[in-house]
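Residue numbers (the working numbering): 1 to 247.
So, in structure tokens, the structure goes:
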């Protein structure tokens, strides 16, 4: 499904050109990596599980820990770009996320020269790797948590067996944050917006950044201001209408 989606997007891109440089950068920095990262993620999970050794929990824990170390190695090798991307910097976007604007002095990977330059930039695949590694790390940590719980022989009703990670956009989470605060669903409506934001950042391990400024941008949308909330509503109604859906 992912490959078909990527091929469809590629065909659409080949038929039309981007209107502005900003539009091209947005596509290769934020949109395409969302698809490519899922392809990397599922492929890596398949490889990890296919190579999983037979043995007890001690062997499995060591195996999953080694896989986590491999992820750390990637981040160490790509530390400069990782910091650039995570900090939300944009001053090198014109080199990183525009086709044909690569800089040989940026220590490019060899695979870049074998890619389709009409559908790739020097760093869009690196963004996809970062997003995929976040998901892979979450998967491995969840496996380790389940092994730990199995070792202890205890299943706590208070502590969940898996770790939740917000994989939607930050803007969507901010929209949800303001909706819940406006509805007053926490502490009888007495909780401050800042406290809820800090709780979300802690529980989901995400940096919401300047969420008040982001809300102003959401409020200024010319159409569909509550894009995420509307999508939630439509998705839930669709599930309710589907009689065959699993409750």
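All C-beta atoms in this analysis are idealised placements derived from N, C-alpha and C, irrespective of residue type, glycine included. No experiment lies behind these values; they were computed from the predicted model shown.
What did DSSP end up calling residue i once you bin it into helix, strand or coil?
i	result
residue 162	coil
residue 66	helix
residue 242	coil
residue 123	coil
residue 198	helix
residue 15	helix
residue 192	coil
residue 217	helix
residue 228	helix
residue 212	helix
residue 155	Annotation note: pLDDT 49 at residue 155 (below 50); position unreliable, no value reported.
residue 5	helix
residue 186	coil
In the DSSP assignment, find the alpha helix (DSSP H) that holds residue i and state where it starts and stops.
i	result
residue 207	Neither: residue 207 is in no alpha helix (DSSP H) and is coded neither H nor E.
residue 39	32–50
residue 94	93–96
residue 21	21–26
residue 87	Where residue 87 is concerned, there is no enclosing alpha helix (DSSP H), given that its DSSP letter is neither H nor E.
residue 117	No alpha helix (DSSP H) holds residue 117; DSSP gives it neither H nor E.
residue 182	170–183
Taking the C-alpha atoms as reference points, what is the distance between residue i and residue j?
i	j	result
residue 185	residue 239	24 Å
residue 94	residue 3	27 Å
residue 232	residue 216	21 Å
residue 120	residue 25	11 Å
residue 31	residue 38	12 Å
residue 173	residue 208	8 Å
residue 196	residue 55	44 Å
residue 178	residue 52	43 Å
residue 11	residue 164	35 Å
residue 214	residue 134	23 Å
residue 18	residue 118	12 Å
residue 171	residue 124	21 Å
residue 250	residue 22	The chain is shown only over 1 to 247; residue 250 falls outside these bounds and no answer can be derived.
residue 9	residue 33	12 Å
residue 80	residue 74	11 Å
residue 206	residue 77	23 Å
residue 62	residue 138	16 Å
residue 28	residue 99	9 Å
Which whole runs of the beta strand (DSSP E) in the region 123–150 are 3 residues long or more, in chain order? Listed in chain order, nothing qualifies, since the region 123–150 has no complete beta strand (DSSP E) run of 3 or more residues.
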